[in-house]
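Each remark here refers to the structure printed beneath this line.
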Amino acid sequence: METRAGRLRPVNVAPASAARALPSAEGLLESRPIEQLLAYAEDRGLAGTLVLSGEGEEIAAIAFREGKVVRVRTRAAMPLGTVLYELGFLDAEGVNTALAALAKASSRTPKVLFGDILRERAMVSPDLVAIGVGEQLTRKLASLFHLPSSTRFGFYDRVDLLPEYGRDDVPVSVGRAVLRGLREVFLPARAREALDRVGDRPIVLAGYVQGASGFGLFEALADLELSDAETRVAQLLTEPKPLSVFELARVSAVDARIVYALLLLRRARVATVTPESEALRRASMQFRAPSPLRPPSVEIPISGVQKRAEPYDPRREPPMSEPRIMNAHKAPSSTPEPGPKSASTSTSAPPPSSGEAAKDPVLARLKARGLVRRAELTAALPLLRELREQHPKNDDAELETLYGYCLGLTQSDFPQREEARSALMRGVNLAPRSGEALYRLSLFERHEGRLADALRHMKEAALVDPNHIDAVRELRLFNMRVQSGMQAARAMSPPGGIPAVKDPRKE
Numbered sequence: 014m015e016t017r018a019g020r021l022r023p024v025n026v027a028p029a030s031a032a033r034a035l036p037s038a039e040g041l042l043e044s045r046p047i048e049q050l051l052a053y054a055e056d057r058g059l060a061g062t063l064v065l066s067g068e069g070e071e072i073a074a075i076a077f078r079e080g081k082v083v084r085v086r087t088r089a090a091m092p093l094g095t096v097l098y099e100l101g102f103l104d105a106e107g108v109n110t111a112l113a114a115l116a117k118a119s120s121r122t123p124k125v126l127f128g129d130i131l132r133e134r135a136m137v138s139p140d141l142v143a144i145g146v147g148e149q150l151t152r153k154l155a156s157l158f159h160l161p162s163s164t165r166f167g168f169y170d171r172v173d174l175l176p177e178y179g180r181d182d183v184p185v186s187v188g189r190a191v192l193r194g195l196r197e198v199f200l201p202a203r204a205r206e207a208l209d210r211v212g213d214r215p216i217v218l219a220g221y222v223q224g225a226s227g228f229g230l231f232e233a234l235a236d237l238e239l240s241d242a243e244t245r246v247a248q249l250l251t252e253p254k255p256l257s258v259f260e261l262a263r264v265s266a267v268d269a270r271i272v273y274a275l276l277l278l279r280r281a282r283v284a285t286v287t288p289e290s291e292a293l294r295r296a297s298m299q300f301r302a303p304s305p306l307r308p309p310s311v312e313i314p315i316s317g318v319q320k321r322a323e324p325y326d327p328r329r330e331p332p333m334s335e336p337r338i339m340n341a342h343k344a345p346s347s348t349p350e351p352g353p354k355s356a357s358t359s360t361s362a363p364p365p366s367s368g369e370a371a372k373d374p375v376l377a378r379l380k381a382r383g384l385v386r387r388a389e390l391t392a393a394l395p396l397l398r399e400l401r402e403q404h405p406k407n408d409d410a411e412l413e414t415l416y417g418y419c420l421g422l423t424q425s426d427f428p429q430r431e432e433a434r435s436a437l438m439r440g441v442n443l444a445p446r447s448g449e450a451l452y453r454l455s456l457f458e459r460h461e462g463r464l465a466d467a468l469r470h471m472k473e474a475a476l477v478d479p480n481h482i483d484a485v486r487e488l489r490l491f492n493m494r495v496q497s498g499m500q501a502a503r504a505m506s507p508p509g510g511i512p513a514v515k516d517p518r519k520e
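Just so it is clear: in the sequence shown, position 69 is 82 by the numbering used here, and no numbers are missing.
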């Protein structure tokens, strides 16, 4: 995107100084990296402004229109004249001549841009200027991949915060920027975490039709400007291939990066023929960007697709996110009870080693999220305690939410349950527009027997984050049960009923 004098001037704007509405989504790049934010905005055709900030100052702002980037303001110097010179569209003498003419026209109203001078003097054809502007926008977006994970983002839906910054007549897709950014900054662990959700199901390039010719599938990726090594990986996907054929383990391999990027950008999809997988493909939720606090689900349910009903087996754990809590006051028996072992004794992972969070806090946080997703709350709790010690002010919304949830659903004594509620409330107060924080608070209140509060928080979670599949699913099941004649209290009760715990206030 071109700017006056063909140069970018650093602009530090404190978000609090501008009269802005609250962002419709916010969080940190640590939980929602830049490539996922860009791909999500394009996939959903969003219109609005994505603002990145650090220490109270604006670092960058990106204006979207129908999912395409139309304006980008960053601190990085990216003059249009330099871009056109590097592309070979303008020589050094032409750049200096255009800059001199721009300086003379500085008093004109409206303000004249560098590209306007080129068009007025016929120094560069309008189509080449548009190509240069698109390259300028792409370079700005790619530079954002170097931002630290502590950078905060906020998306202002249908609000243009850059109305007078340059021109918006060259919309740009985010695909090239995502590929370039991942070449420069790529975290293999993040890609493997996303690809693990696919498993070994076959994937194929978008547009594939079973039995039809694959001609044109790979050619449609020309706008991504793939390298030779990346081309080799992408060409494998002209036919459905399982992930096992790619080299995903080696850090230096490009396979994980390209497969991750193609799936993220919807240039590739899961290729299966079952009704459930086809619904999953159409819904495009396997690689969606959830709310900032929401970790990816292990399995994403789709409305209208029901699993085959199985006979009830009381030995199985309830198929919900709340683990079963045993009565802590029950005296242990000296002789084991007959029958199979419970899931809590056979599948629970050992607690993490001491100091694991201090060695690598980012990896420890990822591990904690995975343990919570698998409902291994006992194993996640010590790790979350270590992570919270690094934030003595308890100002991390995600840590407070996960810690309170794990503590409340694994402990039975009253003081720790109250501590869990306080932590969950802090998470909600720190991120009031987080559907994940409200959802976890709702599960805790439901487990405690406060069913009215649980229902209220569940509705709030679905309201602030309509894409929170778990909250929407729980509300749908609740409404179905009530409509079928079930009492509201029973319809909202947790699986297995409310656990019996001693309350010191009643003793």
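Glycine included, C-beta positions come from ideal geometry on N, C-alpha and C.
As assigned by DSSP and simplified to three states, the class of residue i
i, result
"P28", "Here the model assigns P28 a pLDDT of 41, short of 50, so the residue's position is not dependable and the matter cannot be decided."
"V495", "helix"
"V246", "helix"
"F259", "coil"
"A60", "coil"
"F231", "coil"
"P507", "coil"
"S66", "strand"
"G128", "helix"
"V183", "coil"
"D209", "coil"
"D170", "strand"
"D241", "helix"
"K266", "Per the sequence presented here, residue 266 reads as Ala, with Lys not at that position. In this structure, A266 counts as coil in the three-state DSSP scheme."
"R386", "helix"
"A52", "helix"
"Q149", "helix"
"V198", "coil"
"T391", "helix"
"K406", "coil"
"T122", "coil"
"S44", "coil"
"H481", "coil"
"S156", "helix"
N-terminal and C-terminal residue of the beta strand (DSSP E) that residue i is part of
i, result
"D466", "First-last for D466: L464 to V477, but that is the alpha helix (DSSP H), not the beta strand (DSSP E)."
"T87", "K81 to T87"
"E71", "E70 to R78"
"L41", "A38 to L41"
Distance between residue j and residue i (C-alpha atoms, nearest Å)
i, j, result
"N492", "A484", "12 Å"
"R494", "L454", "22 Å"
"T251", "V83", "32 Å"
"P201", "A262", "9 Å"
"F228", "K81", "27 Å"
"D56", "Q248", "23 Å"
"E2", "F199", "The chain is shown from 14 up to 520; residue 2 falls before or after that span and cannot be answered."
"S310", "R386", "The pLDDT assigned to S310 is 42, lower than 50, so where the model puts this residue is not dependable, and the model offers no usable value."
"A76", "L115", "25 Å"
"R78", "G58", "7 Å"
"A370", "S119", "55 Å"
"L237", "E243", "10 Å"
"R152", "T391", "45 Å"
"F102", "A474", "52 Å"
"L412", "E39", "16 Å"
"A73", "Q500", "51 Å"
Bridge partner(s) assigned by DSSP for residue i
i, result
"T164", "Answer is none; T164 lacks a bridge partner."
"I216", "K254 and V283"
"Y178", "Beta-bridge pairing links Y178 to no other residue."
Residue i, enclosing alpha helix (DSSP H) - first and last residue
i, result
"Y416", "A410 to T423"
"M136", "That residue, M136, is in no alpha helix (DSSP H); it is neither H nor E in DSSP."
"E222", "Sequence inspection shows Val at residue 222; the Glu mentioned does not correspond to that position. It is not in any alpha helix (DSSP H) - V222 carries neither H nor E in the DSSP assignment."
"S455", "G448 to E461"
"N442", "F427 to L443"
"T110", "A105 to K117"
"E35", "Reading off the sequence shown, one finds Leu at residue 35, where the question assumed Glu. From DSSP, L35 is part of no alpha helix (DSSP H); its letter is neither H nor E."
"G101", "No alpha helix (DSSP H) contains G101, which DSSP labels as neither H nor E."
"A370", "E369 to K372"
> Any chance the region 176–189 sits against the region 199–219, with 3 or more Cβ pairs inside 8 Å?
Replying inline: Contact between the region 176–189 and the region 199–219 is not established, with fewer than three Cβ pairs separated by less than 8 Å.
>> Any contact between the region 148–165 and the region 105–116? By contact I mean 3 or more CB pairs, one from each, below 8 Å.
In response: Three or more beta-carbon pairs separated by less than 8 Å are not found between the region 148–165 and the region 105–116, which leaves the two stretches without contact.
> Are the region 115–131 and the region 217–235 touching, with three or more C-beta to C-beta distances below 8 Å?
Replying inline: No, the region 115–131 does not touch the region 217–235.
>> Between the region 130–141 and the region 47–57, can you find at least three pairs of beta-carbon atoms closer than 8 Å?
In response: Segments in contact, no.
> Given 8 Å as the limit, is there contact between the region 129–137 and the region 167–176, that is, 3 or more CB pairs closer than that?
Replying inline: Taking a cut-off of 8 Å for Cβ pairs, the region 129–137 and the region 167–176 do not touch, as fewer than three such pairs fall below it.
> If we count Cβ pairs, one from each stretch, closer than 8 Å, do we get three or more for the region 403–410 versus the region 419–430?
Replying inline: The region 403–410 is not in contact with the region 419–430.
> Does the pairing of the region 65–73 with the region 433–446 give three or more beta-carbon distances under 8 Å?
Replying inline: No, the region 65–73 does not touch the region 433–446.
>> So, does the region 500–510 touch the region 456–465, judging by three or more C-beta pairs under 8 Å?
In response: Look at the beta carbons and you see the region 500–510 touching the region 456–465: at least three pairs across the two are nearer than 8 Å.
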